[in-house]
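These notes concern the structure reproduced below.
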Amino acid sequence: MSFPTASLPSTLLFGHISEHLTVGERINISHERAKAIAACYSLTLDDVLRPSQRFWDMYRDYIVTLDGAAVALFSIQLNLAAGTLAPFIESRPELKTLMDDILSFRISAQFLLTELGHGLNALHLETTATMQNDGSFIVDTPNPQAAKYMAPTLPFGGVPRVGILMARLMVRGEDRGIRPFIVSLNDGKTMCTGVTARELPSRLGCKSFGHALTYFDHVKIPSSALLGTIANTADARSQFIETIWRVAIGSMSMSAMVSPALKMASYIAATYSKRRLVVGPRNQTIPILSFRTQQLPILHALAQGYVLDALYQQAITWLSEISVEDINQRNAIATIVKATMIGHWRRTGCSIADRCGAQGMFECNQILPMEMELRGVAIAEGDVLALALRLAPELLLKRYTIPAGQKRDSLLNQHEQKLGEEMSAIIAASQQRHRGDDVNRLLLPRCLQFVDAIGHRMAWEAAITQGLPEPLIRLYEISAVGTDLAWYVEKRLFSRDDFFRQEDEALSTVYSHLQEYLDAMDIAPYAVAAITSDSSWKKFSDSLKVYEGNADYAPFSETIARARL
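Numbering of the sequence shown is given in our numbering, commencing with residue 139 and proceeding in unit increments.
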């Protein structure tokens, strides 16, 4: 498995140690990294408009494990901003130049949807774009809670920033719903008149990104800034969902980072665990990888990384077969993929840093930074829990369907179906259907588990369809069973002893092929962690700042001498 970015990790651009730089310098470097990644893929308008395999592959690329801010920047620019603009290019060819500038990163394009007081309920956002008599618009932030939240609008690096702004269209006092507008934010050095950005702190443990609170004070934009028409719409909610259709694409593509992250974490931990020696039971040195406790998260992460990549590839196929107009079904697939990806990382990926001891805590060893970045991914383009709370009742009420299980008697398919039946019974017993208090108490806490169960079944079947090695598929299946072992024991499909014995057998089989599976990933060029080899550790330790001297310790020695007297 090779990617076009394989030469980037060894370049000076990706070799900077961010702790040594100012926040502004870190933001600029992440922007340049995003530009370099985009250049390797050279996406066209058509790649963005009808997401091509090349578009989707950017998020499978191991380069995503090196700089989460760069990933977020190219995702915002090439999916949210370019993707929202793309459908209008055919009818408005004058926008082609802007699109070319976005695709080539000659400008930085941002997507301003979320407001401080309106996260997942963005349908109620308050930023207004009021139409004037001459056809132009005045953009205003009516109160502090309407500030656009998180979008990196700060003026750094001399790169002009343009935004796709979601605002409430007001025409002669009438609210015509939320529409996208093109707005200039800054020229790369100074904010545009009437636009104010307040710099937010960098997220803990993450690359600096330039998150900000952005306000608009009577900013005049031309009539051409509106993407679409001023015509009223009968269904404001449907119109809004169609307007932000790229959010579902981003939800799935960003969560795809989990697959390369699990593979990278397993590779780093495995190579480190082979190098790290301890004294064994017969007084001989052995690698810590010899211990099952060390193998457990590494082997599970390896199997899950392979299988989740298969799920992502299958989901791409499904999305390509669903019409653009079928927003609900597209959102359903994206939500299932995201919930499944994030769930596996939280259960498996997080624990790998612990197995690398104190060294796993440092940014230079890659694992913990991936954990912090993926915390952001779990929230970006829709918090994974909130998405599941919306999806599960819709599926249980059969308002739309998803691809059904192909192996109906399989353990994972039985789990999915029975959970669905249990939850449907809760809805049926509620007098208020899916909105009653008992539903709130008894159904909603189980929604994410149900969506996870669907994803586990889909991932396992995708791995079989794509012909992944059977040991990896088997280990994935047993790990999925382990996420709800109590249910399988309750239904007498497993005993606890059966589970642990079968897991042990699956782990042993994968372990016997470990080096083969690690080599097949072709991930070594991207594994820049200092602990992966003696040479990389020496290079890192030689780069550390050294403190030496010949200070006189006599005063301290005299104090000790007096104390003895």
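For glycine and all other residues, C-beta sits at the position ideal for the given N, C-alpha and C.
In this text the structure is predicted, and so the values were computed from the model without any measurement.
For the stretch 233–271, the continuous beta strand (DSSP E) assignments of 3+ residues that do not extend past its boundaries occur at 246–250, 266–269, in sequence order. Straight-line measurement puts the Cα of V300 at about 5 Å from the Cα of S322.
About 18 Å separates the CB atoms of I302 and L351; that is not less than 8 Å, and the two are not in contact.
Rounded to the nearest angstrom, the Cβ distance from S274 to I359 is 7 Å, consistent with a contact under 8 Å. Under the three-state reduction of DSSP output, P398 falls in the helix class.
Secondary structure note for D636: its alpha helix (DSSP H) is the uninterrupted segment 634–650.
Within a 10 Å sphere around the beta-carbon of N370 sit fewer than 16 other beta-carbons, which makes this residue exposed. In the DSSP assignment, F319 forms a beta bridge with L303, L364.
The C-beta separation of G574 from V385 comes to about 29 Å, leaving the pair out of contact by the 8 Å criterion.
Taken through DSSP and simplified to helix, strand or coil, L582 comes out as helix.
By DSSP's assignment, I661 forms no beta bridge with any residue.
Within the same chain, Cβ atoms closer than 7 Å to the Cβ of D447 are found at R198, S397, the five residues on either side in sequence being excluded.
A straight-line Cα-Cα distance of about 7 Å links L550 and V619.
Beta-carbon to beta-carbon, Q283 and G255 are separated by about 3 Å, close enough to satisfy the 8 Å threshold. With a beta-carbon spacing of about 6 Å, Y614 and W598 fall inside the 8 Å limit used to define contacts. Here M308 is bridged, per DSSP, to T268, D313.
For the 9 Å CB-CB criterion, A260 and I382 form a contact. The beta carbon of E170 sits closer than 7 Å to those of L151, all from its chain and outside the five residues before and after it, given in chain order.
Counting of Cβ neighbours within 10 angstroms places A441 among the buried residues, the total reaching 16 or more. Counting only runs of 4 or more residues that sit fully inside the stretch 534–576, the alpha helix (DSSP H) segments are 549–567, in chain order. With contacts defined as CB atoms closer than 9 Å, A472 and M390 qualify as a contacting pair.
In this structure, M510 is the residue among L236, M510, R485 with its C-alpha nearest to the C-alpha of S346. Within its own chain, the residues whose Cβ lies closer than 6 Å to the Cβ of I592, once the five positions on either side in sequence are excluded, are I474, E554, listed in chain order.
Per DSSP, reduced to three states, the secondary structure at Y685 is coil, with no helix or strand assignment. Rounded to the nearest angstrom, the gap between the Cα atoms of G388 and A220 is 12 Å.
In terms of Cβ geometry, C502 and I167 do not form a close pair [threshold 9 Å].
Under the three-state reduction of DSSP, I480 is assigned to helix. Contact between the stretch 332–348 and the stretch 278–293 is present: 3 or more CB-CB pairs across the two stretches fall below 8 Å.
Burial check for N469: the Cβ neighbour count within 10 Å reaches 16 or more, so the residue is buried. Residue nearest to A439 within the set Y649, K676, R164 is Y649 (criterion: CA-CA distance). Listed in chain order, the alpha helix (DSSP H) runs fully inside the stretch 433–484 are 465–482, counting runs of at least 4 residues.
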